[in-house]
Every structure is written in structure tokens, then in C-alpha cells.
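*Asks:* Structure provided below as C-alpha cells; questions to follow.
There are 2 protein chains.
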Amino acid sequence: MGEEAAHRPPNQAGRPTLDEVAERAGVSRATVSRVVTGSAGVRKVLREKVEAAIQELGYVPNLAARSLVTRRNGAVAVLISEPEARVFSDPFFAQHLRGISKELTAADLQLVLLLVDSPDDYDRIGRYLAGSHVDGLLLFSLHTNDPLPALLRRAELPTVFGGRPGWRASAADRPALYVDTDNRGGAQLAVQHLLDRGRRRIATITGPLDQTSAMDRLAGYRDLLPDAEPSLIAEGDFTAAGGSKAMAQLLEQAPDIDGLFAASDTMAAAALRVLHDSGRRVPEDVAVVGFDDIEPIAAWAEPPLTTVRQDIEEMGRLMARLLLSLIQPGTMSEGGKPYSIMLPTRLVVRQSA
Amino acid sequence: MGEEAAHRPPNQAGRPTLDEVAERAGVSRATVSRVVTGSAGVRKVLREKVEAAIQELGYVPNLAARSLVTRRNGAVAVLISEPEARVFSDPFFAQHLRGISKELTAADLQLVLLLVDSPDDYDRIGRYLAGSHVDGLLLFSLHTNDPLPALLRRAELPTVFGGRPGWRASAADRPALYVDTDNRGGAQLAVQHLLDRGRRRIATITGPLDQTSAMDRLAGYRDLLPDAEPSLIAEGDFTAAGGSKAMAQLLEQAPDIDGLFAASDTMAAAALRVLHDSGRRVPEDVAVVGFDDIEPIAAWAEPPLTTVRQDIEEMGRLMARLLLSLIQPGTMSEGGKPYSIMLPTRLVVRQSA
DNA sequence: TTGAAAGCGCTAACAA
DNA sequence: TTGTTAGCGCTTTCAA
Chain A
1 MGEEAAHRPP
11 NQAGRPTLDE
21 VAERAGVSRA
31 TVSRVVTGSA
41 GVRKVLREKV
51 EAAIQELGYV
61 PNLAARSLVT
71 RRNGAVAVLI
81 SEPEARVFSD
91 PFFAQHLRGI
101 SKELTAADLQ
111 LVLLLVDSPD
121 DYDRIGRYLA
131 GSHVDGLLLF
141 SLHTNDPLPA
151 LLRRAELPTV
161 FGGRPGWRAS
171 AADRPALYVD
181 TDNRGGAQLA
191 VQHLLDRGRR
201 RIATITGPLD
211 QTSAMDRLAG
221 YRDLLPDAEP
231 SLIAEGDFTA
241 AGGSKAMAQL
251 LEQAPDIDGL
261 FAASDTMAAA
271 ALRVLHDSGR
281 RVPEDVAVVG
291 FDDIEPIAAW
301 AEPPLTTVRQ
311 DIEEMGRLMA
321 RLLLSLIQPG
331 TMSEGGKPYS
341 IMLPTRLVVR
351 QSA
Chain B
1 MGEEAAHRPP
11 NQAGRPTLDE
21 VAERAGVSRA
31 TVSRVVTGSA
41 GVRKVLREKV
51 EAAIQELGYV
61 PNLAARSLVT
71 RRNGAVAVLI
81 SEPEARVFSD
91 PFFAQHLRGI
101 SKELTAADLQ
111 LVLLLVDSPD
121 DYDRIGRYLA
131 GSHVDGLLLF
141 SLHTNDPLPA
151 LLRRAELPTV
161 FGGRPGWRAS
171 AADRPALYVD
181 TDNRGGAQLA
191 VQHLLDRGRR
201 RIATITGPLD
211 QTSAMDRLAG
221 YRDLLPDAEP
231 SLIAEGDFTA
241 AGGSKAMAQL
251 LEQAPDIDGL
261 FAASDTMAAA
271 ALRVLHDSGR
281 RVPEDVAVVG
291 FDDIEPIAAW
301 AEPPLTTVRQ
311 DIEEMGRLMA
321 RLLLSLIQPG
331 TMSEGGKPYS
341 IMLPTRLVVR
351 QSA
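Top line first, the protein sequences correspond to chains A and B. Start counting the first sequence at 1; every next residue gets the next number (the numbering used here). Start counting the second sequence at 1; every next residue gets the next number (the numbering used here).
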């Protein structure tokens with residue numbers, strides 16, 4: 001009972017604290033802290049003593065304690081707000097995450113994944129984001145009517161968007177930072193390729209038109225085909241089911257089409273099947289170009305898809321880097337202000353067009 | 001200069017603290033804390049006063065401060081240790097994550113995603129896990145020679161495995177908790193279906209045999225075909241490329257096969273293509289059964305794949321629930337000890353067999 | 001270059 | 001039922 005230790009709860013799973021390291025190394029807490037944080041001004045002798053003690057004890061700093069005083073959390077949230085099944089029917093987000101993870105890892109930041117499932121989640125997410133648990137936010141897949149931007153304005157969290165956000169910014173807002181694929185240019189590439197192949201009745205299956213990526217791809221189509229009749233355009237939703245439906249609709253409205261630009265590989269693959277079932281040959285009767293270049297879909301489609309490649313992993317990496325420049329202003333090599341980024345696309349020619 | 005506030009750094013983005021709420025509500029810090037944590041014993045009058053103050057100030061508790069004293073973090077790590085591209089060529093992990101996220105969300109826990117990319121990462125991951133930043137760990141995709149288990153033993157973190165771990169436990173270890181699919185039973189389902197269809201020369205393409213899921217699926221095949229010759233078995237790696245190669249090898253070794261069980265849909269789809277290119281018809285000449293039932297692959301294969309369905313999202317959900325029972329012993333409804341779980345599979349019959 | 005000491009925001013004994 | 005008080009483990013002035 002007289003034992004000091006008996007009164008204290010065991011520290012976290014018996015892990016050593018900074019004080020214990022200090023005692024072992026025969027220095028003060030402050031010195032150990034300096035060594036751990038890598039700040040200058042510790043003599044080599046002492047530093048080595050401390051490092052040895054850290055090694056022997058297996059000391060690992062407690063992040064909670066640290067961020068309580070530094071007001072930094074060493075963590076970044078990734079928020080994916082896509083209630084539809086689409087998210088999980090293609091590896092789009094997985095690739096993004098990989099890119100993000102690589103970059104964050106290099107900066108020693110943790111990735112906290114926030115998935116929005118139902119509208120109820122917005123509340124919880126809002127609380128979390130406001131709770132100063134993360135230093136920044138990477139935000140995906142906004143539909144134009146998404147309630148998230150409002151939440152964000154309150155949280156005042158450094159944020160980078162994946163894909164150009166679609167809402168009208170009010171004059172007071174800072175411009176949103178984003179990383180996007182050149183969707184419009186990519187669509188132009190696709191349509192130009194179809195034109196080069198001699199196609200003249202070129203239809204398109206769009207994504208959901210409340211997303212900028214879908215809108216931009218349609219805009220690219222229209223750039224080259226300003227006079228396309230409405231019957232050549234069908235709205236899909238980036239899913240296979242939506243692609244099938246849109247393709248069937250096109251075939252009904254314009255049975256004489258000889259080219260198709262589908263705004264995603266998933267929809268293109270579905271269209272391929274509908275075309276096949278209708279007795280049309282690809283590419284002989286109808287040439288098809290997709291978008292994304294998602295390998296298991298595009299390369300293994302029947303026939304393999306000609307498609308517009310976007311580098312998703314690179315997008316993720318750049319998003320992370322942009323966010324880092326926001327929350328660690330000194331760290332980044334570039335001196336200038338951070339800018340939104342538009343990544344180029346390129347055409348991958350396989351057999352469908 | 002005489003101002004108190006002038007000496008203090010602004011608190012996190014100007015966010016109110018517990019003290020400010022207390023002052024505003026005219027109560028003590030402790031009372032506010034009681035209200036916030038929902039612990040009993042606060043009069044209704046005071047509670048309402050506090051709640052009003054919280055509302056007005058927009059107070060959100062600082063998690064770092066809280067976990068510093070509670071020694072709980074309100075976060076769970078998901079560690080995916082799969083250096084190969086496979087992870088990102090099928091939606092396997094995305095589905096898992098969704099299930100996990102749902103369950104964790106309900107328990108108000110955050111999901112911290114840890115991705116292992118290169119061997120160097122193990123070090124960082126080990127440090128993170130040891131740094132008491134998370135309350136538990138969900139661990140995926142262990143190969144039998146994975147260095148992770150050793151790291152874990154040191155970290156002493158409550159852990160649930162996705163898929164039965166493959167290493168030999170030493171007697172001293174607690175048995176590992178895991179959630180797995182009945183891989184062996186599923187494989188039996190697949191082979192039995194081929195037998196029922198009258199196939200007699202049934203080959204299999206396995207996964208990488210340093211993973212238990214692959215080993216178990218092969219065991220299921222052998223259960224029904226104990227006399228299968230070695231030439232009917234080819235090792236793949238769950239990827240499309242590996243599936244193609246294995247299929248080509250099988251065709252060479254045993255050109256007369258009339259049935260195939262591929263241990264993943266991705267490999268089955270690749271095999272389909274090789275079979276097609278070799279002039280064989282599916283299912284007439286060779287009937288094919290896959291494993292997973294990953295929709296965009298299985299349903300859209302040519303022809304659509306008959307396959308063994310495993311409920312991946314449910315696996316994720318159960319993993320999370322199991323972990324919760326470990327780290328919140330009181331909370332779970334079941335009184336008993338936590339057990340490893342084996343999920344059933346079922347055959348989805350489409351056109352390939 | 002080093003150490004002493006204050007305090008980050010919160011919870012949880014303990015007292016009242 | 002409420003308030004007082006003592007830290008959780010760490011960084012960071014400030015003095016020595």
C-alpha cells in the first residue's frame with residue numbers, strides 16, 4: 001500500500017513512457033523529447049545514450065499525448081461519399097487509396113477512412129471532422145446536391161477534392177482545391193478515335209449527370225459532335241445495369257449507330273454484351289470506346305476494350321501531396337501556392353475500336 | 001500584454017473547451033464531462049443547461065485529451081498486407097471494408113486503414129501498432145511466411161484475422177480469432193456440381209498455396225477427387241495473368257479435360273478466354289466453375305460464370321463484431337467467449353457449368 | 001546545451 | 001448529486 005506504483009493504473013499495456021526513458025538514460029524528460037522529435041541542440045553523447053535507452057525499452061511515443069500539446073494529429077481523413085453499390089463494383093477507390101496511402105505514409109501520416117453509407121452518417125461524420133481528430137480531409141465523389149460542403153465550411157478543415165466539385169461556390173468561399181482527370185479531353189480522344197475509324201453515327205452513354213466527371217465527358221463528346229441528335233445520347237450511371245439499359249435504349253432510338261463512347265469501362269462492357277445479343281459485331285458493326293482502363297474489365301472484355309486511360313493511383317498520390325502542402329506549408333519543396341491539378345489521359349487501343 | 005489570453009496559443013481552431021462549456025452553463029467541468037460521456041447521476045435541470053451550452057458553443061470533445069486519460073482510442077486499424085496488384089484488381093477488400101465500416105460506425109469507432117506496400121512498411125506499421133493509437137486490429141491476407149505475426153505478439157493488440165491464419169501457433173500463444181469462408185466446403189460444392197453435370201476429367205487452378213484459402217479450396221477438390229492426377233492441378237495466384245498461365249499449362253498436360261474448378265473468379269474468367277482461344281466451347285466441351293461471385297467478373301464473363309458465392313461484406317461485418325467483443329467485453333449481447341467463425345458458401349449457377 | 005516546470009483538454013477518484 | 005483535484009504523456013517556454 002505504501003508502494004507508489006500500486007496506486008497508478010498500469011500505463012498502456014505496460015508501455016514505457018518518456019520519463020522512464022529519461023531515467024534510464026540519465027537525462028531529463030525534455031532531452032528525450034528533443035531526441036524523439038529530432039529537434040537540434042542535443043550533444044551527440046547524450047543523443048546516443050537516449051537512443052540506446054529507447055531501443056532497450058522499446059519506447060514508442062504516445063500520439064494522443066503529443067497531439068494534445070502540438071495540436072496536430074498526424075492523421076488525414078479520406079471521406080468516400082458514394083451510397084451506391086458502384087463504389088464496390090470497380091477498383092476505382094482501391095486504386096485511389098493506394099496512391100493516397102503511399103504519399104501519406106512517406107509523410108508519416110495516418111489514413112483514416114470514413115465511409116458514408118446512409119444519410120444518417122453525415123451527422124456522425126460532421127462531428128468527427130469537427131472534433132479535431134485529423135489534420136486534413138480528402139473528399140471524393142461529390143454529387144452536386146451533396147450536403148457535405150456545408151458541413152465542411154463549419155469544420156474549417158484543409159480539404160482537397162477528388163474530382164472537380166460541382167456546386168456553385170459563393171464569392172466568400174476560398175476556391176476549392178481538387179485533383180481531376182481531364183475528362184473532357186479524354187472524351188475528345190475517344191470520339192476522335194471513332195471518327196478516325198470512319199464512324200459517323202456515334203452515340204454515347206453518359207454517367208450520372210449530377211457528377212462533374214460525367215458532365216465533362218459528355219461535354220468532350222459534344223465538342224467533336226456538336227450536332228449530335230438527342231437520340232444518340234443516353235444517360236447511364238456508371239454501373240453495368242445502367243449501361244445495359246442505356247445501350248438497349250440507344251439501339252431502339254438509333255438502330256443505325258456505328259460507334260459508341262461509353263463514359264466508363266463498366267458501362268462499355270455491359271454495352272458490349274447488349275450489342276452482341278442484338279447480333280451486332282464489335283468493332284465491325286459498332287466500334288466501342290470506354291473510359292477508365294480498369295484492367296480486369298477493359299482487358300478482359302469480349303472483345304478487349306479500347307478505352308481512355310486515367311491514372312487513378314497518381315490522382316490519389318497528387319491529392320495527398322496537395323493536402324500536405326496545405327497542412328505542412330514549410331515541408332513541401334515548391335515555394336508557390338497550391339493549385340488544382342488536371343491529369344492528362346491517353347487512349348489505349350485494344351480491339352473494340 | 002497583461003491579458004491572460006494573449007499568452008495562450010489559440011486552442012484548436014478556436015474551438016471551445018470543456019471549461020468554457022462549464023462556465024457558460026454555470027456548472028463544474030466534471031458535470032459537463034458527465035453529460036458528455038452520458039454517465040448517470042446528473043439532474044435533469046443541469047443536464048439541460050449543459051446541453052444548451054454545448055449547442056450554443058458548438059462544443060466537440062477533443063479525442064486526444066480523452067484518450068490520454070481513458071487509454072482508449074476509439075479507433076480500430078485494418079491492416080491489408082498484400083503487396084501484389086491483386087488487391088486492387090478485384091473488389092474483394094472494398095467489400096470487406098464496407099462491412100467493417102458499417103459495424104464500426106455503429107459502435108462509434110473509427111477505421112484506420114493501414115496498407116502495406118513494401119517490406120519497409122512493416123517497420124513503420126509495427127511502430128504505429130505499438131504506439132497505442134488503436135484499440136484493436138483487423139488483419140488480412142496473411143501468407144504463411146508473413147512477418148506480421150511476430151510484430152503483433154509484441155504489440156499485444158486485440159486482433160481478429162480475415163481468413164484462417166496459416167502459421168503454426170506455438171503452445172504459448174492464445175488461439176487466433178478469425179472469420180473465414182468455408183473454402184473447403186465451397187470447393188466441394190463446385191466439384192460436386194461438375195460431377196453432377198457428368199464431367200469426369202476435372203482439373204483445378206489453385207490460388208497461391210502459401211495462403212490457407214487456396215490450400216483449403218484445393219483440399220475440397222481433393223476430397224471429392226482423391227485420385228486426381230497431378231497433371232490436373234495447376235497452381236495460380238488469384239490473378240488473371242496467373243489464371244491464363246495455369247490454364248495453358250493444364251491444356252498442355254491434360255488436353256482431354258472436360259471440367260475446371262478455378263479457385264477465384266478472376267482466374268476463371270482468364271481461363272475462359274484461354275479455353276475460347278483454344279477452340280473449346282464452354283460449357284459444352286469444358287464446364288467451368290469459379291469461386292467468389294464477384295459480380296462484375298462472374299456475371300459479365302463470357303459465358304457468365306457458375307461460381308461459389310462467399311459473402312465478403314458479411315465477413316467484414318463479423319470480423320468487426322468479433323473484435324468489438326474483445327475490446328468492449330461488456331457491450332456485446334452474447335455472454336460467452338468469442339469464437340472464430342466459418343461462413344457458409346453456396347453455388348450460384350449461371351451458364352459456364 | 002540542458003533541466004525545471006507549466007499546461008494541452010479531458011476523466012475519474014474522492015470529498016462534500 | 002455536484003465540485004475539487006490530481007494526473008494521463010507529452011512538448012515547450014524559460015532559466016540556468
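Glycine is no exception: its CB is placed at the ideal position from the N, C-alpha and C atoms.
Residues of the region 117–139 of chain A in Cβ contact with chain B at a cutoff of 8 Å, in chain order, please.
*Replies:* Hits within the stretch, in order: D117, D121, R124, R127, Y128, A130, G131, S132, H133.
*Asks:* Counting Cβ pairs, one atom from each stretch, are 3 or more of them under 8 Å apart for the region 95–114 of chain A and the region 313–328 of chain A?
*Replies:* With the cut-off at 8 Å, the region 95–114 of chain A and the region 313–328 of chain A touch.
*Asks:* So if I threshold CB-CB distances at 7 Å, which residues from the region 296–307 of chain B count as touching chain A?
*Replies:* Going along the region 296–307 of chain B in chain order, one finds P296, I297, W300, E302 with a Cβ nearer than 7 Å to chain A.
*Asks:* Give a yes or no on whether 9 Å exceeds the smallest Cβ distance from P165/A to chain B.
*Replies:* No - not a single Cβ of chain B is within 9 Å of the one on P165/A.
*Asks:* In chain order, what are the residue ranges of uninterrupted alpha helix (DSSP H) at least 4 long that sit wholly in the region 51–80 of chain B?
*Replies:* Correct list: 63–70.
*Asks:* When the Cα atoms are used, what is the spatial distance from D237/B to P208/B?
*Replies:* Going by the C-alpha atoms only, they are around 5 Å apart.
*Asks:* Which residues in the same chain have their Cβ closer than 7 Å to the Cβ of L225/A, if we skip the five residues on either side of it in sequence?
*Replies:* Closer than 7 Å at Cβ, skipping near neighbours: V191, I202.
*Asks:* Need the endpoints of the beta strand (DSSP E) that L115/B sits in, please.
*Replies:* Residues 110–116.
*Asks:* Over what stretch of residues does the alpha helix (DSSP H) that includes D180/B continue unbroken?
*Replies:* D180/B -> not in any alpha helix (DSSP H); beta strand (DSSP E) instead, spanning 177–181.
*Asks:* Determine whether the Cβ of G58/B lies closer than 9 Å to any Cβ atom of chain A.
*Replies:* Yes, contact with chain A.
*Asks:* Can you look up R29/B in the DSSP assignment and give me helix, strand or coil?
*Replies:* Three-state result, R29/B: helix.
*Asks:* Taking the CB atoms as reference points, tell me whether A269/B and A301/B lie closer together than 9 Å.
*Replies:* In this structure, A301/B lies closer than 9 Å to A269/B by Cβ.
*Asks:* Looking at the C-beta of R184/A, does it have a partner C-beta in chain B at a distance below 9 Å?
*Replies:* No, R184/A does not count as interfacial toward chain B.
*Asks:* Answer with yes or no whether the minimum CB distance from T181/B to chain A is below 9 Å.
*Replies:* With 9 Å as the cut-off, T181/B does not count as an interface residue toward chain A.
*Asks:* So, helix, strand or coil for T239/A, using DSSP?
*Replies:* It is coil, neither helix nor strand.
*Asks:* First and last residue of the beta strand (DSSP E) that includes A203/A?
*Replies:* Per DSSP, A203/A belongs to the beta strand (DSSP E) from 202–206.
*Asks:* Classify Q12/A: buried if its beta carbon has 16 or more other beta carbons within 10 angstroms, exposed otherwise.
*Replies:* At Q12/A the pLDDT is 48, less than 50, meaning the model places this residue with poor confidence; the figure from the coordinates comes in the next sentence. By the 10 Å Cβ count, Q12/A comes out buried.
*Asks:* Give the secondary structure of R15/B by DSSP, where H, G and I count as helix, E and B as strand, and everything else as coil.
*Replies:* Coil, per DSSP.
*Asks:* Work out the CA separation of T206/B and T239/B for me, nearest whole Å.
*Replies:* T239/B and T206/B: Cα-Cα distance of roughly 11 Å.
*Asks:* Indicate whether V36/A and A25/A have their beta-carbon atoms separated by less than 9 Å.
*Replies:* Taking 9 Å as the Cβ cut-off, V36/A and A25/A do not qualify as a contacting pair.
*Asks:* Would the region 217–224 of chain A and the region 251–260 of chain A be scored as touching if the rule is three or more Cβ pairs under 8 Å?
*Replies:* Flag = no, the region 217–224 of chain A and the region 251–260 of chain A do not touch.
*Asks:* Hey, how far is the Cα of A214/B from the Cα of N183/B?
*Replies:* Taking the straight line from one Cα to the other gives about 8 Å.
*Asks:* Between G163/B, T306/B, L324/B, which lies nearest to Q351/B when the distance is taken from Cα to Cα?
*Replies:* Here the closest residue by C-alpha is T306/B.
*Asks:* Need the endpoints of the alpha helix (DSSP H) that V274/A sits in, please.
*Replies:* Element bounds for V274/A: 265–277.
*Asks:* Which of the three DSSP states, helix, strand or coil, is assigned to R309/B?
*Replies:* Of the three classes helix, strand and coil, the one that applies to R309/B here is strand, per DSSP.
*Asks:* Relative to chain B, which residues along the region 97–118 of chain A have a C-beta separation below 8 Å, given in chain order?
*Replies:* Under the 8 Å Cβ criterion, the region 97–118 of chain A contributes L97, R98, S101, K102, T105, D108, Q110, L111, V112, L113, L114, L115, D117.
*Asks:* Would you verify that the beta carbon of L63/A is, or is not, closer than 9 Å to some beta carbon of chain B?
*Replies:* Yes, its Cβ sits closer than 9 Å to a Cβ of chain B.
*Asks:* Just to confirm my understanding: we take R15/B, look at its own chain, exclude 5 residues before and 5 after, and list those with CB closer than 6 Å. What are they?
*Replies:* Hits under 6 Å: none found.
*Asks:* Excluding sequence positions up to five away, which residues of its chain have a Cβ less than 7 Å from the Cβ of M319/B?
*Replies:* Closer than 7 Å at the Cβ level, and outside the excluded window around M319/B, lie I100, L138, V160, G162, V179.
*Asks:* Closer than 9 Å, Cβ to any Cβ of chain A: which residues of the region 255–267 of chain B, in chain order?
*Replies:* The residues in question are T266.
*Asks:* Measuring CB to CB, does D293/B end up less than 9 Å from V308/B?
*Replies:* Yes.
*Asks:* Using three-state DSSP, classify D216/B as helix, strand or coil.
*Replies:* In the structure shown, D216/B sits in a helix (DSSP, three-state: H, G or I).
*Asks:* Take the Cβ of K245/B as the centre, count every other Cβ of all protein chains shown within 10 Å, and call the residue buried at 16 or more, exposed below.
*Replies:* Buried.
*Asks:* Check the Cβ of R201/B against every Cβ in chain A and list those closer than 7 Å, keeping chain order.
*Replies:* Per Cβ cutoff of 7 Å: no residues; R201/B is ~26 Å from chain A at best.
*Asks:* Identify, in the order they occur along the chain, each residue of the same chain with its Cβ nearer than 6 Å to the Cβ of V116/B, setting aside the five sequence neighbours on each side.
*Replies:* Closer than 6 Å at the Cβ level, and outside the excluded window around V116/B, lie S81.
*Asks:* Just how far apart, CA to CA, sit Y339/B and L322/B?
*Replies:* Rounded to whole angstroms, Y339/B to L322/B spans 8 Å at the Cα level.
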